[in-house]
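Since the structure comes first, as structure tokens, the remarks are kept for the end.
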Amino acid sequence: MIRRAVLIVLGLIWLGPTYLLLVNASRPATSYDPDRAWVPSADFSLLENFGHAIEGANLGGSLASTALYAIVSPLLAVIIGALAGYTIVVLRLRHGFWWFLLIFGGTVFPSQMLLVPLFVSYSDAGLYDTHLGLIVIYTAINVPLGAFVLRNFYSGVAFSIFEAARMDGASTWRIFWRIYLPMSLSALTAVFILEFTFIWNDLVFGLTLTQTENVRPVMTAIAGLMTDVYAGTPVPVGLAAGLVVSLPTVVLFLATQRLFARGLSLGSV
Numbered sequence: 001m002i003r004r005a006v007l008i009v010l011g012l013i014w015l016g017p018t019y020l021l022l023v024n025a026s027r028p029a030t031s032y033d034p035d036r037a038w039v040p041s042a043d044f045s046l047l048e049n050f051g052h053a054i055e056g057a058n059l060g061g062s063l064a065s066t067a068l069y070a071i072v073s074p075l076l077a078v079i080i081g082a083l084a085g086y087t088i089v090v091l092r093l094r095h096g097f098w099w100f101l102l103i104f105g106g107t108v109f110p111s112q113m114l115l116v117p118l119f120v121s122y123s124d125a126g127l128y129d130t131h132l133g134l135i136v137i138y139t140a141i142n143v144p145l146g147a148f149v150l151r152n153f154y155s156g157v158a159f160s161i162f163e164a165a166r167m168d169g170a171s172t173w174r175i176f177w178r179i180y181l182p183m184s185l186s187a188l189t190a191v192f193i194l195e196f197t198f199i200w201n202d203l204v205f206g207l208t209l210t211q212t213e214n215v216r217p218v219m220t221a222i223a224g225l226m227t228d229v230y231a232g233t234p235v236p237v238g239l240a241a242g243l244v245v246s247l248p249t250v251v252l253f254l255a256t257q258r259l260f261a262r263g264l265s266l267g268s269v
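Just so you know, we're using the UniProt record's numbering here: the sequence shown kicks off at 1 and counts up by one.
Okay, structure coming up:
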């Protein structure tokens with residue numbers, strides 16, 4: 001009984017910030033009072049506040065760009081990562097373990113270390129402030145995770161499957177596309193969800209590599225909106241923008257949570 005009571009209290013404390021976010025994002029923009037932040041407002045103005053945020057920060061263009069990055073880049077990353085895992089494990093690439101370390105080793109460096117060389121190289125290559133530039137960097141950053149999960153997954157698949165397909169005359173590409181890729185759908189889905197969430201919530205690369213409203217990711221646009229809170233943007237408007245923009249990742253996870261959990265267990269993450 002005591003343990004349950006303690007867990008309930010800890011749960012309420014953990015949900016406290018979420019409650020504050022919901023309450024203050026839903027109150028009218030002009031009625032925010034820090035002294036009454038815990039008291040719900042009788043007027044529900046969440047959608048109205050979000051509409052003001054769209055007008056104030058052009059979130060429509062940023063949302064479209066972020067959806068492009070968060071769908072295309074993870075798709076490319078999981079396919080490239082699956083190809084890497086398939087080549088290393090199934091095709092038994094020579095020195096495959098060292099190739100895997102080369103692919104995965106880049107993840108040990110903090111993202112902040114990449115910002116200056118990326119900014120310079122993107123400016124020289126004409127990729128700065130372009131959709132293609134963001135897709136390329138997001139894909140490259142997410143490939144190691146896909147290679148890690150799929151390498152572990154393919155290590156548990158019997159090699160006799162590959163041998164039987166080869167005896168039937170299938171090419172290595174056809175075996176990958178028609179057998180191994182569908183077989184690893186759960187693991188691919190789990191990696192896609194993780195990478196989608198990372199890209200959707202990214203601020204650092206969007207802030208460094210973009211400038212115009214129609215190219216920058218939505219979190220960068222919201223960051224610009226929130227820095228203007230004391231210069232004219234009401235607090236409920238900024239909170240409503242952050243709340244509504246975070247919903248796609250929540251909905252995606254809730255819709256695929258069983259497949260997500262199964263994919264992570266199969267990938268041995």
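In this text, a Cβ means the ideal position worked out from N, Cα and C, and glycines have one as well.
Computed from a predicted structure; not experimentally measured.
message: Buried or exposed for E55, going by 16 or more other Cβ atoms inside 10 Å?
response: exposed
### First and last residue of the uninterrupted alpha helix (DSSP H) at F159
159-167
Go to D124, then tell me how far its alpha helix (DSSP H) extends in each direction, as first and last residue.
115-125
| message | Is it buried or exposed, I8, if we count other Cβ atoms within 10 angstroms and call 16 or more buried? | response | exposed
With a Cβ-Cβ cutoff of 8 angstroms, do A42 and N24 count as a contact? no
ask   = Shortest alpha-carbon distance to T155 belongs to which of S184, V143, G133?
value = Before going on, a small fix: residue 155 reads as Ser here, not Thr. Among S184, V143, G133, the Cα nearest to that of S155 belongs to S184.
Q: Would you please state the rounded distance, in angstroms, between the beta carbons of T208 and L115? I believe it to be under 8 angstroms.
A: 5 angstroms
Report yes if the C-beta distance between F50 and V250 is below 8 angstroms; otherwise report no. no
Return the CA-CA distance between R3 and L15, expressed in angstroms with no decimal places.
18 angstroms
Next on the checklist: Mapping the DSSP letters down to three states, classify T130 as helix, strand or coil.
Outcome noted: coil
Measuring CB atoms only, is the region 103-123 touching the region 167-187, in the sense that at least three cross pairs come out at less than 8 angstroms? no
- Message: With three or more C-beta pairs closer than 8 angstroms as the rule, is the region 68-87 touching the region 135-142?
- Response: yes
**Study point:** Uninterrupted alpha helix (DSSP H) stretches inside the region 35-115 (no shorter than 4 residues)
**Key:** 46-57, 59-85, 96-105
- Query: Taking the C-alpha atoms as reference points, what is the distance between I79 and G146?
  - Reply: 8 angstroms
In angstroms, rounded to a whole number, what distance separates the CA positions of G267 and D129? Low confidence applies here, because G267 scores a pLDDT of 48, under 50, leaving its location unreliable and the question unanswered by this model.
Classification of A64 by the beta-carbon crowding that lies within 10 angstroms, buried from 16 upward: exposed
Cβ of I193 within 8 angstroms of Cβ of Y69? no
Check: In chain order, which continuous runs of the alpha helix (DSSP H) of length 4 or greater are located wholly inside the region 178-242?
Finding: 185-200, 204-209, 218-226
Q: Alpha carbon to alpha carbon, how far is V120 from S45? Give it in angstroms, no decimals.
A: 44 angstroms
Distance CB(P144)-CB(I103) smaller than 8 angstroms | yes
Fill in: When G61, R216, E163, T30 are compared against L91, the one with the closest alpha-carbon
E163
Exercise for the section: Identify, in the order they occur along the chain, each residue of the same chain with its Cβ nearer than 8 angstroms to the Cβ of H131, setting aside the five sequence neighbours on each side. Expected result: S65, L68, Y69, V215
Practice problem: Let me know the secondary structure DSSP gives Y32 once reduced to three states. | Solution: coil
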